[in-house]
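**Student:** Have a look at this one before I ask anything.
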Amino acid sequence: MLELFIGLLFFMVPAVVFGMIFGRTIEKRHLRRLDEHDSKYRGFLVTQVKSFPDAVPGNQPPTLICSEVVIASDYLKNFFASWRNFFGGEVRSYSRMTERAKREVVARLVTEAEALGYNAICNVRIETAEIGNRRQKGAQAMSSCIGYATAYHCSANKG
Amino acid sequence: MIVTNTETISGYTIRQTLGIVQGNTVRAKHAGRDIAASFKNLIGGELKGYTELLTESRREAMQRMLAQAQQLGANAVVNVRFSTSSITAGASELYVYGTAVIVSQQG
Numbered sequence: 000m001l002e003l004f005i006g007l008l009f010f011m012v013p014a015v016v017f018g019m020i021f022g023r024t025i026e027k028r029h030l031r032r033l034d035e036h037d038s039k040y041r042g043f044l045v046t047q048v049k050s051f052p053d054a055v056p057g058n059q060p061p062t063l064i065c066s067e068v069v070i071a072s073d074y075l076k077n078f079f080a081s082w083r084n085f086f087g088g089e090v091r092s093y094s095r096m097t098e099r100a101k102r103e104v105v106a107r108l109v110t111e112a113e114a115l116g117y118n119a120i121c122n123v124r125i126e127t128a129e130i131g132n133r134r135q136k137g138a139q140a141m142s143s144c145i146g147y148a149t150a151y152h153c154s155a156n157k158g
Numbered sequence: 000m001i002v003t004n005t006e007t008i009s010g011y012t013i014r015q016t017l018g019i020v021q022g023n024t025v026r027a028k029h030a031g032r033d034i035a036a037s038f039k040n041l042i043g044g045e046l047k048g049y050t051e052l053l054t055e056s057r058r059e060a061m062q063r064m065l066a067q068a069q070q071l072g073a074n075a076v077v078n079v080r081f082s083t084s085s086i087t088a089g090a091s092e093l094y095v096y097g098t099a100v101i102v103s104q105q106g
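Pasting the structure below:
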């Protein structure tokens, strides 16, 4: 029993500290990158409607674009989550993680559409993906999504 | 082949609807990726191995769907949807389906 406790202590404490140092840095950097991306593509029309707002005939037909992203948790987040699991309430560390995944997916769609020469995307759909079985014991917490949208040419200049 | 996830395609008219086409794939991640992911879990951040896995699955499923559409003689697939499910630990399904149509350019 004592050995188990010591083993747990020796693993969990460094893991949580690791999460505190690296996990937070990576998260902050990622959020900053997403903010930069958002301000860079402010003029890019992203909608979730099925029609094509302000569409104009372009030199290429509308096309489907997809992106996917998997964001890992860290042990600090897991620690907060298990804490929350006891008292109940919102698990903010995980909400932030899933938010990052969703924003990253849309950011990648925009980047890809732009690279292909389009200036708008519509009908954005975000689907949560399952990798393996998360109900499995000891499964890692992670947030994985698939995003897809239709890229087209639009006339409106939002910016 | 024009592929969109909208019901119509701007600038094109749907002449004929041919029916549903689908593609799916079940992929397993290999142990190496799991190990790499468990290390990544220490520090957080993106799990590139798993992202790649999803990309590969999506490409494969799309290819199968497009092959079916081609067989039907379609020149476009509209209203494409993706769905995923996990089958057992370590294997997940990616399913993509859409409606095969024949379109022609307006004007």
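Protein chains in written order, with numbering that gives the first Met the number 0: chain R, 0 to 158; chain Z, 0 to 106.
Idealized CB from N, CA, C, for every residue including glycine.
Quick caveat, the model's predicted, so the values are computed rather than measured.
1. Give me the subset of the stretch 45-72 of chain R whose CB atoms are less than 7 Å from a CB atom of chain Z, sorted by chain position.
2. State the DSSP-derived secondary structure class of MET141(R), mapped to helix, strand or coil.
3. By how many angstroms is the C-alpha of PHE79(R) removed from the C-alpha of GLY22(R)?
4. Flag SER143(R) as yes if its beta-carbon sits less than 8 Å from any beta-carbon of chain Z, otherwise no.
5. Apply the 10 Å Cβ neighbour rule to ASN40(Z) and answer buried if 16 or more other Cβ atoms are within range, or exposed otherwise.
6. So who's on the other strand from ALA27(Z), going by DSSP bridges?
7. Tell me GLY97(Z)'s beta-bridge partners as DSSP assigns them.
8. Buried or exposed: which applies to VAL16(R), given that a residue is buried once 16 or more other Cβ atoms fall within 10 Å of its Cβ?
9. Exposed or buried, VAL12(R), counting other C-beta atoms within 10 Å across all chains shown (16 or more means buried)?
10. Can you find at least 3 beta carbon pairs, one from the stretch 139-152 of chain R and one from the stretch 63-75 of chain R, that sit closer than 8 Å?
11. For SER154(R), which of ILE125(R), TYR117(R), ALA128(R) and ILE130(R) has the nearest alpha-carbon?
12. Just checking my contact of LEU93(Z) with SER37(Z) at CB under 8 Å: how many whole Å lie between their CB atoms?
**Tutor:** Looking at the coordinates:
1. Correct list: LYS49, PHE51, ALA54, PRO56, PRO60, PRO61, THR62, LEU63, CYS65, GLU67, VAL68, VAL69, ILE70, ALA71 and SER72.
2. Reduced to three states, the DSSP call for MET141(R) is strand.
3. Rounded to whole angstroms, GLY22(R) to PHE79(R) spans 13 Å at the Cα level.
4. Interface annotation, SER143(R): in contact with chain Z, CB-CB separation under 8 Å.
5. Buried is the call here.
6. DSSP, once it has assigned bridges, lists ALA90(Z) as partnering ALA27(Z).
7. In the DSSP assignment, the residues bridged to GLY97(Z) are VAL20(Z).
8. Classification for VAL16(R): exposed.
9. Label assigned to VAL12(R): exposed.
10. With the cut-off at 8 Å, the stretch 139-152 of chain R and the stretch 63-75 of chain R touch.
11. The alpha carbon of SER154(R) has as its nearest neighbour, out of ILE125(R), TYR117(R), ALA128(R) and ILE130(R), the alpha carbon of TYR117(R).
12. Here LEU93(Z) is actually not in contact with SER37(Z); their C-beta atoms are around 23 Å apart, not less than 8 Å.
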